[in-house]
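Engineer: Here the sequence shown is numbered in the working numbering, starting from 891 and rising by one per residue.
Pasting in a structure now, in structure tokens, and then I'll have a few things to ask.
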Amino acid sequence: MKERLKQAPPKIPDEAKLSWKKGHGDHPLDRYLKEGRIPHIWCPGCGIGIAFTAFIKALEKAEFDQDKTVVVSGIGCSGRAAGYLNLDTYHTTHGRAIPFATGLKLAKPELKTVVFSGDGDLFAIGGNHIIHAARRNVDMTVICINNFNYGMTGGQGGPTTPVEARTTTTPYGCAEHPFNLIYLAKAAGAAYVARWTALHTHELRDSIVEAMSKTGFSFVEVITPCPTGYARRNRLGTGLEIMRFYKENSYITDILEPEDTALLFKGKIAVGKFVDIEKPTFMEMYREYIVQQAENSG
Ligand SMILES: Cc1ncc(C[n+]2csc(CCOP(=O)(O)OP(=O)(O)O)c2C)c(N)n1
Ligand code: SF4
Ligand SMILES: [Mg+2]
């Protein structure tokens, strides 16, 4: 096993990158993919691809204009999503997807701006940025893949790792209280907040449509299996077994307050929509308080 891990990954010739399609014909979602970038890097059983598919199905279902939808990612396995999308996408530096997206939205307010990234990228190194984008109600949708660890760099613990959970940096079990992303997003000022698991593909797709249709800061958390990192160290089984866990332990609710949706190690998972409110966006506030007064005083 160790010997195998030491070996360099096989080099994939360019022609083979397109051969995955041979014999399969066209797929209805092909137009959303940069085919030359396939195959993707995600491990077998990883849930990121399911969230990725839910996102492109949302684009298809709502017929969002591909030329007017932009996706920004940070760094991580989740952040790789940007590179596979046949849209204008930006794979930015670690933790900085939100500032890039904010700048983009300010320069081109007509674009639907989506951030697709991981729990570590958005809430550890990028934690400062996300709370302020929510506070300002910047008009964007954030899809956060929460796999409870830093998958890409070897499974370190992060701000969503539950107490007790083992990771490479918490070998005796995590001794820190994690963020509840739903409560945090609401408290910071988000106008729309929802959580789903990788099992809830249809609800997730529809929730992304709703979030992207909302004017203001919308946040969708997606709980996903990371069989290679988090699951292996906690003996949670394969991707399929984790999906079974979601089936048996998640429940859809519309009565819980965000503060009551915390996730415990191997605990129940409350999913659904938790916030959907109207409030002026950053651009509207800016126009009202700055632009108009500047024009009047001139
Ligand atoms: C400035 C900087 N610090 C650290 C890293 C190393 N790094 C790359 S991805 C990552 C964490 C990614 O975790 P998460 O956002 O949860 O994504 P996942 O891989 O779990 O999808 C870290 C720490 C980096 N690339 N840049
Ligand atoms: S390390 Fe984890 S998050 Fe990254 S691709 Fe593999 S299973 Fe997915
Ligand atoms: Mg992660």
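By construction, the Cβ of each residue, glycine as well, lies at the ideal position given by its N, Cα and C atoms.
For the alpha helix (DSSP H) that contains D1096, what are its first and last residues?
Structural biologist: Within the sequence shown, residue 1096 is the residue found at index 206, counting from 1. Its alpha helix (DSSP H) spans residues T1091 to S1103.
Engineer: On a CA-only basis, which of F1107, C1034 and G1129 is nearest L1094? Give me that one, please.
Structural biologist: As a first step, residue 1094 is located in the sequence shown; it is residue number 204 there, counting from the start. Out of F1107, C1034 and G1129, C1034 has the C-alpha closest to the C-alpha of L1094.
Engineer: Let me have the residue list for ligand 2: C-beta closer than 6 Å to any non-hydrogen atom, ordered along the chain.
Structural biologist: If you measure from each CB to the nearest heavy atom of ligand 2, the residues under 6 Å come out as W932, C933, C936, I938, C967, N1037, G1041, M1042, C1116, P1117, T1118 and G1119.
Engineer: Rounded to the nearest angstrom, what separates P1148 and D1029 at their Cα positions?
Structural biologist: Within the sequence shown, the letter at position 258 stands for residue 1148. Within the sequence shown, the letter at position 139 stands for residue 1029. Using only the alpha carbons, I get a separation of about 21 Å.
Engineer: In or out: E1111 buried (at least 16 other Cβ within 10 Å) or exposed?
Structural biologist: Indexing the sequence shown from 1 puts residue 1111 at position 221. It is buried - the Cβ of E1111 has at least 16 other Cβ atoms within 10 Å.
Engineer: When you compare the segment 970–979 with the segment 1013–1026, are there three or more beta-carbon pairs, one atom per stretch, that lie closer than 8 Å?
Structural biologist: no
Engineer: Starting from the C-beta of Y1062, find all residues in its chain whose C-beta is less than 8 Å away, skip the five residues before and the five after it, and write them out in chain order.
Structural biologist: Position 172 of the sequence shown, counting from 1, holds the residue named residue 1062. Contacts found: R1056.
Engineer: Would a C-beta distance cut-off of 9 Å place Y974 and G1045 closer than the cut-off?
Structural biologist: Locating residue 974 in the sequence shown gives position 84, counting from the first residue. Locating residue 1045 in the sequence shown gives position 155, counting from the first residue. No, the Cβ-Cβ distance between Y974 and G1045 is not below 9 Å.
Engineer: Where H1019 and R986 are concerned, what is the direct C-alpha to C-alpha distance, given to the nearest angstrom?
Structural biologist: Mapped onto the sequence shown, residue 1019 falls at position 129. Mapped onto the sequence shown, residue 986 falls at position 96. Distance between the alpha carbons of H1019 and R986 is about 7 Å.
Engineer: Report buried or exposed for G966, applying the criterion of at least 16 other Cβ atoms within 10 angstroms of its Cβ.
Structural biologist: Residue 966 sits at position 76 when you count from the first residue of the sequence shown. Burial is judged here by how many other beta carbons sit within 10 angstroms of a residue's own beta carbon; G966 has at least 16 and is buried.
Engineer: Contact between the segment 1131–1145 and the segment 1156–1169: three or more CB pairs below 8 Å?
Structural biologist: Yes, since at least three Cβ pairs between the segment 1131–1145 and the segment 1156–1169 fall closer than 8 Å, the two stretches touch.
Engineer: In angstroms, rounded to a whole number, what distance separates the CA positions of K1169 and R1123?
Structural biologist: Sequence index remark: in the sequence shown, residue 1169 carries index 279 (1-based). Sequence index remark: in the sequence shown, residue 1123 carries index 233 (1-based). About 43 Å.
Engineer: Which residues bound the beta strand (DSSP E) around A831?
Structural biologist: As displayed, the chain neither begins before 891 nor continues past 1188, which places residue 831 out of reach and without an answer.
Engineer: Give the straight-line distance between the Cα atoms of S963 and F1164, rounded to the nearest whole angstrom.
Structural biologist: Your numbering for residue 963 matches position 73 in the sequence shown. Your numbering for residue 1164 matches position 274 in the sequence shown. So the alpha carbons of these two residues sit roughly 24 Å apart.
Engineer: My assumption, with CB atoms under 8 Å, is that N1036 sits in contact with T1050. Please give the rounded CB distance.
Structural biologist: As a first step, residue 1036 is located in the sequence shown; it is residue number 146 there, counting from the start. As a first step, residue 1050 is located in the sequence shown; it is residue number 160 there, counting from the start. With 8 Å as the limit, N1036 and T1050 qualify as a contact, their Cβ atoms being about 5 Å apart.
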